[in-house]
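In order, the protein sequence lines correspond to chains H and C. Its first residue numbered 6, the first sequence is counted upward by one per residue in the numbering used here. Its first residue numbered 1048, the second sequence is counted upward by one per residue in the numbering used here. Note that the Cβ used here is the ideal one computed from N, Cα and C, for glycine as well. As the structure is a prediction and not an experimental result, all values here were calculated from the model. Heads up, the thing below is written out as structure tokens.
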Amino acid sequence: KAGVTQTPRYLIKTRGQQVTLSCSPISGHRSVSWYQQTPGQGLQFLFEYFSETQRNKGNFPGRFSGRQFSNSRSEMNVSTLELGDSALYLCASSYALGLNTEAFFGQGTRLTVV
Amino acid sequence: AQTVTQSQPEMSVQEAETVTLSCTYDTSESDYYLFWYKQPPSRQMILVIRQEAYKQQNATENRFSVNFQKAAKSFSLKISDSQLGDAAMYFCAYRSDGGSNYKLTFGKGTLLTVNP
């Protein structure tokens, strides 16, 4: 069974540009969450999607957006990139929403903004 | 707001020895889950162990066990018979269903080094 796949693995962008990151969840999983990981702030919640609906959003500016498609694949977009957006972006998929539902993480996309 | 605190930025242990990683959390919720995740250099977060707040019995998974003290809001991870492959960043995480938001709230992590 394939795991969570995030593409691309590495990305270098220039300030002011926009970027789209992709996440393919484990087959059959309908929930996808995104997290930003930085040395200073640690792991912070970005979004949570379930069956194509954004259920929750973290405390990030409107430049951060996302969506989920009918096949459960998800994308996140960051517009007008800033140096502070440099981070590891992790995607996690779950079969369903729930307290005990295990979240399976991908290997992340390392975004560097120069 | 829920917070998770890991007071040990780094820990080291000799191979085959036992090490305990600390975690405390703050919440006003009554039902929640606590998790320990491992992040090796490959960057992929892997679930190590989980504990439901309503269960008094401490969870165990092979060489990994927790000491869950609900009143003290403490959730430590014990790794027995440490192996070189245990070297990684370990994150304590909390999840409740407050407002149907199932996000994970993570601590800042503890970097574990295993010495041969």
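query	result
Chain C within 9 Å of Phe74(H), Cβ atoms only	no
Short CB-CB distance (under 9 Å) between Thr1152(C) and chain H	yes
Candidates Leu88(H), Tyr100(H), His34(H), Asn105(H): closest to Gly21(H) by CA position	Leu88(H)
Residues of the region 1094 to 1125 of chain C with Cβ closer than 8 Å to any Cβ of chain H, in chain order	Leu1094, Arg1097, Glu1099
Neighbour list for Asn1162(C) in chain H, Cβ cutoff strictly below 9 Å	Result: empty, since nearest Cβ-Cβ is about 24 Å, beyond 9 Å.
Closer than 9 Å at the beta carbon, the chain C residues around Ser38(H)	Tyr1149, Lys1150, Leu1151
Against chain C: residues of the region 96 to 115 of chain H by CB proximity under 9 Å	Ala97, Ser99, Leu102, Gly103, Leu104, Asn105, Thr106, Glu107, Ala108, Phe109, Phe110, Gly111, Gln112, Gly113, Arg115
Where Leu104(H) sits in the DSSP three-state scheme	coil
Leu1131(C) classed as buried or exposed, judged by whether at least 16 other C-beta atoms fall within 10 angstroms	exposed
Chain-ordered neighbours of Gly1132(C) on chain H, where CB pairs are closer than 7 Å	Here the premise fails: no neighbours, minimum Cβ distance about 17 Å.
6 Å CB neighbourhood of Ser1143(C) in its chain, flanking five on each side removed	Glu1076, Tyr1079
Cβ separation of Ser1123(C) and Glu1064(C), assumed to be a contact under 8 Å, to the nearest whole Å	Actually they are not in contact, since the Cβ atoms of Ser1123(C) and Glu1064(C) sit about 16 Å apart, beyond 8 Å.
Per DSSP, the bridge partner or partners of Ser1059(C)	Thr1160(C)
Below-9 Å beta-carbon distance, Ser1089(C) vs any chain H residue	yes
Same chain, Cβ closer than 7 Å to Val1051(C), five either side skipped, listed in chain order	Cys1070, Tyr1072, Cys1139, Ala1140, Tyr1141, Thr1152, Phe1153, Gly1154
Buried versus exposed call for Ser79(H) [16 or more other C-beta atoms within 10 Å across all chains shown]	buried
Contacting residues, own chain, Cβ-Cβ under 8 Å from Gly71(H) (five flanking each side not counted)	Trp39, Leu51, Phe52, Tyr54, Gln59, Ser79, Glu80, Met81, Asn82
Identity of the residues DSSP links to Ile1093(C) by a beta bridge	Lys1085(C)
Span separating the alpha-carbon of Tyr94(H) from that of Gln1053(C)	21 Å
Within 9 Å, strictly: CB atoms of Lys1125(C) and Phe1111(C)	yes
Nearest-angstrom Cα separation, counted from Pro1087(C) out to Val119(H)	26 Å
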